[in-house]
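In the numbering used here, the protein residues as written are 115 to 310. Built from N, CA and C at the ideal position, the CB exists for glycine as well. Accompanying notes for the structure given below.
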Amino acid sequence: MSGITRGFGGRQRESIPDLPPGQYLTDGFPVLSAGPTPQLDTAEWNFTIHAETGNHNWSWEEYLELPSVDVSTDIHCVTRWSKLGTTWRGVSLDTFFEDVESTRDFVMAHSYGGYTTNIPLEDLLDGQAWIVHEFDGEPLEAEHGGPARLLVPHLYFWKSAKWIRGLVMKSDDEPGFWEQNGYHIYGDPWREERYS
Ligand SMILES: Nc1nc2c(c(=O)[nH]1)N[C@H]1C(S)=C(S)[C@@H](COP(=O)(O)O)O[C@H]1N2
Ligand SMILES: [Mo]
């Protein structure tokens, strides 16, 4: 080991503590959509939580009246790009669920355009998920899910449904669109839960 005081003398990969395994950093903001971008008019936009005790519905005006917060977070796409320190503004899912009574443990998120993705309810609560309508201080662009999308940044980004339309409470963790097409049922980027 003489002469080598650090590492192994060869090229070592720079270790970035905030980067999950198998991911690389990007400064851009790639657009990944399974279909065309729906053109949504906020006058007709609605967000609904469907529970066994009834439906709770928010119009765009009602959504904007809810307390909104700034969110700074890292995002990780299963196709291996990560973006650190992204900034969003929106409403915590805790706020929406204050009004909802349900004994069901799972959620299917539904988007305008038909996309779906499944998430355990506990992953949407306690300050872990938001409906967001601003990115980087600007209204969220349609291609990134505007007027509003789900943001669940501790899971791979396919769980962050763009053009969010509603959440349906479920007794079972039924697979959504990508989960039926080979993606992992849960999608933790730190465990590399990419495919099933
Ligand atoms: N409605 C909808 N939401 C979606 C998708 C989609 O195709 N439709 N793609 C998912 C995937 S795979 C990723 S990586 C992110 C991409 O978001 P972006 O286009 O804003 O980068 O949105 C997720 N949410
Ligand atoms: Mo993705």
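Inter-residue Cα distance where the pair is residue i and residue j
i	j	result
F122	Y138	Since pLDDT at F122 reaches only 46, below the 50 mark, its modelled position is unreliable, and no value is offered.
L281	S173	15 Å
T231	E307	15 Å
Y300	I233	7 Å
E215	V266	21 Å
V185	T201	6 Å
A256	E248	11 Å
V145	F211	29 Å
V183	E175	17 Å
G124	I130	Unreliable positioning characterises G124 in this predicted model, as indicated by a pLDDT of 43, which lies under 50. The coordinate reading is nonetheless provided below. For G124 and I130, the distance between alpha carbons rounds to 18 Å.
G251	L154	20 Å
V205	R305	28 Å
Short Cβ contact (8 Å threshold) for residue i with residue j
i	j	result
L207	W159	no
H164	M283	yes
R218	E166	yes
V246	L235	no
I278	F143	no
H298	S285	no
Candidates the options, of which the one nearest residue i by Cα
i	options	result
K273	P303, G136 and F211	P303
R203	S196, F210, L178 and F211	L178
P152	A275, S285 and Y309	A275
K197	T162, W277, F271 and D287	F271
R194	L180, H170, T217 and T140	T140
Y229	S129, H268, L180 and P150	P150
L180	F220, S129, T209 and F143	T209
P253	E212, H298, T156 and S147	T156
D213	L154, G168, A148 and L269	G168
Any non-hydrogen atom of ligand 3 closer than 7 Å to residue i Cβ
i	result
W272	Ligand 3 is not part of the structure shown, which contains ligand 1 and ligand 2 as its ligands.
Residue i at chain C interface by Cβ criterion, 8 Å
i	result
D219	Here there is only one protein chain, and chain C is not present.
Start-end ranges of the beta strand (DSSP E) lying completely within the region 236-309, minimum 3 residues: Within the region 236-309, the complete beta strand (DSSP E) runs of at least 3 residues are 244-249, 263-265 and 278-284.
Between the region 292-310 and the region 251-264, are three or more C-beta pairs nearer than 8 Å? Short answer: they don't touch.
State whether the region 219-231 contacts the region 239-252, with contact taken as three or more CB pairs (one from each stretch) at a distance under 8 Å. Result no; under three Cβ-Cβ pairs closer than 8 Å.
Using a Cβ distance threshold of 8 Å, determine whether the region 184-191 contacts the region 134-148, with at least three qualifying pairs required. Put simply, the region 184-191 touches the region 134-148. At least three CB pairs are less than 8 Å apart.
Segments assigned beta strand (DSSP E), at least 3 residues, entirely inside the region 177-219: Runs of the beta strand (DSSP E) spanning 3 or more residues and lying entirely within the region 177-219 occur at 183-190 and 195-206, in chain order.
My parser needs the beta strand (DSSP E) runs of 3 or more residues fully inside the region 126-175; what are they? With a minimum length of 3 residues, the continuous beta strand (DSSP E) runs that stay inside the region 126-175 are 160-165 and 168-173.
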